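Undergrad:
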Amino acid sequence: MTVDQRRSPLGGLAEEFAQIAVRTGGRLRIAEQPYLRQLNVRAGADALAAAAATLGLALPTTPNTVIRTGDLTALWLGPDDWLVLGGQGPEPTPVGWGVVDVSAQRTAIVLSGPAAVGLLAHGCALDLERMGSDWCAQTMLARANVVLSGFPPDEIRVLVRASFASYLASWLLDAVMAM
Amino acid sequence: MMIITCPWCGPRNETEFHYGGEAGVAYPADPGVLSDEEWGRFLFVRSNPKGVLHERWSHNAGCRRWFSVHRDTVTHEVGPAR
Ligand SMILES: [Zn+2]
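Heads up: the sequence lines are chains Y and E, in that order. Number 6 in our numbering belongs to position 6 of the first sequence; there are no gaps in the numbering. One gets our numbering by counting positions in the second sequence from 1 and adding 179 to each.
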């Protein structure tokens, strides 16, 4: 029998996060989504179609948008740069483009509920209220570099580097106190 | 706080960007023939106007692309490269 000995960056804060839903009467829920598979995909315009076909998804070409295909979500990071979330198994073999498994680079914090946007506004300069559906953005949240992505109706996923995760979690827990 | 418009991501706070100095400074075609003074001039001497300067910026905390803008060094007004 194999024992899962992985420890996620915020695994020790599950109880503190769970109490937020109680404290806010369900207006805000925060939970870590640990071990989310993340692939960094680099492809020039000439290899874009091949990359999408091999990965079995569509790659957004509109800046700061997201395309979901089945259980995979592709986030635009740059004109030749994407982050693919979800799925499992080894990454496919690229030809003329590149893919790197960066799952351990960042952990995911999922905020949901009607108070999620207001909480993030304490430390994020982007006007998250005015984002459309299926948006993403690389920006700063409370001085930490993050990748944000929004999913209707009221869910926002914050991807933060593992080494910044406990700092950002502390900031979020503190910001909840001001609500 | 300046707001700089990234050609990819749109307007973002200055803190997301890294300054790359004056734009349009070409690397010498044949560096070996330059005198020390000419090399020093290439490395360090910039136009430093009171007014509009053509500048390089990198959207470090966003899409990480380099791009050029025009910035007025008096008003900090930033606009697209002309
Ligand atoms: Zn950008």
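All C-beta atoms, glycine included, are put in the ideal place defined by N, C-alpha and C. What you are looking at is a predicted structure, and each value in this text was computed from that prediction instead of being measured.
Any Cβ of chain Y within less than 7 Å of the Cβ of residue 187 of chain E?
TA: Residue numbering aside, residue 187 of chain E sits at position 8 when the second sequence is read from its first letter. It does: the Cβ of residue 187 of chain E has a partner Cβ on chain Y nearer than 7 Å.
Undergrad: Taking Cβ positions only, does residue 140 of chain Y come closer than 7 Å to chain E?
TA: Translated into the one-based positions of the first sequence, residue 140 of chain Y becomes position 140. So, interface residue.
Undergrad: Please confirm whether residue 43 of chain Y has its beta-carbon closer than 7 Å to some beta-carbon of chain E.
TA: Within the first sequence, residue 43 of chain Y is the residue found at index 43, counting from 1. Chain E, which has no Cβ nearer than 7 Å to the Cβ of residue 43 of chain Y, makes this no.
Undergrad: Straight-line CA distance for residue 50 of chain Y to residue 125 of chain Y?
TA: Here the question's residue 50 of chain Y lines up with position 50 in the first sequence. Here the question's residue 125 of chain Y lines up with position 125 in the first sequence. Looking at the two C-alpha atoms, the distance is approximately 36 Å.
Undergrad: Once you ignore the five residues that flank residue 141 of chain Y on each side, which residues in its own chain have a CB closer than 6 Å to its CB?
TA: Start at 1 with the first residue of the first sequence, and residue 141 of chain Y comes out as number 141. Around residue 141 of chain Y: 123 and 124.
Undergrad: Along the stretch 67 to 88 of chain Y, what residues have a CB closer than 8 Å to any CB found in chain E?
TA: Within the stretch 67 to 88 of chain Y, the residues whose Cβ lies closer than 8 Å to some Cβ of chain E are 77, 78, 79 and 81, listed in chain order.
Undergrad: Mind reading off the beta-carbon distance from residue 63 of chain Y to residue 76 of chain Y? Whole number of angstroms is fine, and I expect it under 8 Å.
TA: Numbered from 1 along the first sequence, position 63 holds the residue referred to as residue 63 of chain Y. Numbered from 1 along the first sequence, position 76 holds the residue referred to as residue 76 of chain Y. With a Cβ gap of about 6 Å, residue 63 of chain Y and residue 76 of chain Y count as contacting.
Undergrad: Going along the chain, which residues of its own chain have a beta-carbon closer than 6 Å to the beta-carbon of residue 218 of chain E, five neighbours each way excluded?
TA: By one-based count along the second sequence, residue 218 of chain E stands at place 39. Excluding positions up to five away in sequence, the list is empty.
Undergrad: For a quick check, are the C-beta atoms of residue 197 of chain E and residue 227 of chain E less than 7 Å apart?
TA: Translated into the one-based positions of the second sequence, residue 197 of chain E becomes position 18. Translated into the one-based positions of the second sequence, residue 227 of chain E becomes position 48. Not closer than 7 Å, so no.
Undergrad: Consider the Cβ of residue 192 of chain E: report whether some Cβ of chain Y lies at a distance smaller than 7 Å.
TA: Residue mapping note: residue 192 of chain E aligns to position 13 of the second sequence, counting from 1. Chain Y contact via Cβ: present.
Undergrad: By the criterion of Cβ-Cβ separation under 7 Å, what are the contact partners of residue 195 of chain E in chain Y?
TA: Mapped onto the second sequence, residue 195 of chain E falls at position 16. Ordered by position in chain Y, the residues that pass the 7 Å Cβ test against residue 195 of chain E are 139 and 140.
Undergrad: Just list the residues that DSSP pairs residue 157 of chain Y with in beta bridges.
TA: To locate residue 157 of chain Y, count along the first sequence from 1; it is residue 157. Answer by DSSP bridge pairing, in chain order: Y:110 and Y:149.
Undergrad: Quick one: which residues of the stretch 131 to 160 of chain Y get their C-beta closer than 8 Å to a C-beta of chain B? List them in chain order.
TA: This model lacks chain B altogether; the protein chains it does include are Y and E.
Undergrad: Are the stretch 90 to 99 of chain Y and the stretch 139 to 157 of chain Y touching by the rule of at least three beta carbon pairs closer than 8 Å?
TA: No contact exists between the stretch 90 to 99 of chain Y and the stretch 139 to 157 of chain Y.
Undergrad: Is it buried or exposed, residue 260 of chain E, if we count other Cβ atoms within 10 angstroms and call 16 or more buried?
TA: Taking the second sequence and counting its residues from 1, one reaches residue 260 of chain E at position 81. Looking at its Cβ environment, which holds fewer than 16 other Cβ atoms inside 10 Å, residue 260 of chain E is exposed.
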